[in-house]
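Asker: Residue numbers (our numbering): 227 to 435.
Just dropping this structure here.
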Amino acid sequence: MIIAIDGPAASGKGTLGKRLAAHYGYRHLDTGLIYRAVAKAMLDASAALTDEVRAAAIAQALDPGMFGDPALKSQAVGEAASVVSALPRVRDALLAFQRSFAAGPPGAVLDGRDIGTVICPDADVKIFVIAEPQVRARRRALEMLGRGEAADEAAVLADILKRDERDRNRAAAPLKRADDAHELDNSNLDIEGGVKAAIAIVERIRAAR
Ligand code: DC
């Protein structure tokens, strides 16, 4: 079984994906980390983020071993990831890796922006996670404070809105709810509530088979 989770920045997709994967004993891929890894390599090399040939070469040679680098979580890297992920050649270079991850046994949960629309259009379950921007900004700011980083909630909100706008309006694989995705609004749910709601969606689909 493949579970595809998409949604805007800081909507809780990553946490939900991890928890669903643990619940079902599946593997989990936070695809945002892939774009963040490409972006960080571009920043480290002081390369222009719009240099598509260079970014695509980095994407092609990406080492999944670096996805655990805590530096990938910063706001600056997230913003840069939103820019490099709009480059079609970067997306093309990362497509096969994501599809082969999804196809491996015993099942997989992938979260991102285009999982249900482009990477795994035939996923068994598609969930589109949303939450009010202010709620997302508050959660992200708390997360940053928890890591010992400074966090200005208003600045985090502005960053989230800018990123959503860019991710939704790009030509290549924009952030979009797949027609057959189930919407999960977690504005008023805590993590446990969101996980429960997602499991209920998966179980409904399994029972209908
Ligand atoms: O989910 P995240 O914040 O870690 O993602 C960082 C950026 O990467 C996001 O702004 C857009 C891009 N991204 C993407 O284009 N496609 C994905 N499947 C995942 C992330």
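Backbone N, C-alpha and C fix where the C-beta goes; we use that ideal spot for every residue, glycine too.
Less than 7 Å between the beta carbons of alanine 424 and glycine 342, yes or no?
Answerer: Against a cut-off of 7 Å, the Cβ pair of glycine 342 and alanine 424 comes out as no contact.
Asker: In terms of DSSP beta bridges, what is isoleucine 231 paired with?
Answerer: BP columns for isoleucine 231 point to Asp337, Ile353.
Asker: Our contact map puts glycine 238 next to glycine 338 with C-beta atoms below 8 Å; I'd like the distance itself, whole angstroms only.
Answerer: Their Cβ separation, rounded to whole angstroms, is 13 Å, which puts glycine 238 and glycine 338 out of contact at 8 Å.
Asker: Looking at the C-beta of lysine 402, does it have a partner C-beta in chain C at a distance below 7 Å?
Answerer: Absent from the structure is chain C; it holds one protein chain and no more.
Asker: Relative to the C-alpha of aspartate 340, which residue among Ala434, Asp393, Gly333 is closest?
Answerer: Here the closest residue by C-alpha is Asp393.
Asker: When DSSP builds the beta bridges, which residues end up paired with histidine 249?
Answerer: According to DSSP, which records beta bridges pairwise, histidine 249 is partnered with nothing at all.
Asker: With 16 as the cutoff for other CB atoms within 10 Å, does aspartate 378 come out buried or exposed?
Answerer: By the neighbour-count rule (16 or more Cβ atoms within 10 Å), aspartate 378 is not buried but exposed.
Asker: Quick check on the burial criterion: 16 or more other C-beta atoms within 10 angstroms. Buried or exposed for glutamine 324?
Answerer: So glutamine 324 ends up on the buried side.
Asker: Give the DSSP-derived three-state secondary structure of leucine 321 in the structure shown.
Answerer: If DSSP states are grouped into helix, strand and coil, leucine 321 belongs with the helices.
Asker: For isoleucine 400, which option in Leu415, Gly233, Asp348, Val421 has the closest C-alpha, if you only look at C-alpha atoms?
Answerer: Checking the sequence, you will find proline at residue 400 rather than isoleucine. Nearest C-alpha to proline 400: Gly233.
Asker: Does the structure place the stretch 365-373 close enough to the stretch 242-253 that three or more beta carbon pairs sit under 8 Å?
Answerer: With the cut-off at 8 Å, the stretch 242-253 and the stretch 365-373 do not touch.
Asker: Using the three-state DSSP reduction, which class does leucine 464 fall into: helix, strand or coil?
Answerer: A query on residue 464 cannot be resolved here, the shown segment of the chain reaching from 227 to 435 and no further.
Asker: Just the Cα atoms here: how many angstroms apart are alanine 274 and asparagine 395?
Answerer: The straight-line gap from Cα to Cα measures roughly 21 Å.
Asker: Inspect the beta-carbon positions of isoleucine 260 and leucine 320 and report whether they are closer than 7 Å.
Answerer: Closer than 7 Å, so yes.
Asker: With three or more C-beta pairs closer than 8 Å as the rule, is the stretch 349-359 touching the stretch 279-288?
Answerer: In short, these stretches do not touch, since the Cβ pair count stays below three.
Asker: Aspartate 411 lies in the beta strand (DSSP E); which residues open and close that run?
Answerer: Segment 408-411, the beta strand (DSSP E) holding aspartate 411.
Asker: Given 6 Å as the limit, tell me if glycine 294 has its C-beta closer than that to any heavy atom belonging to the ligand DC.
Answerer: No.
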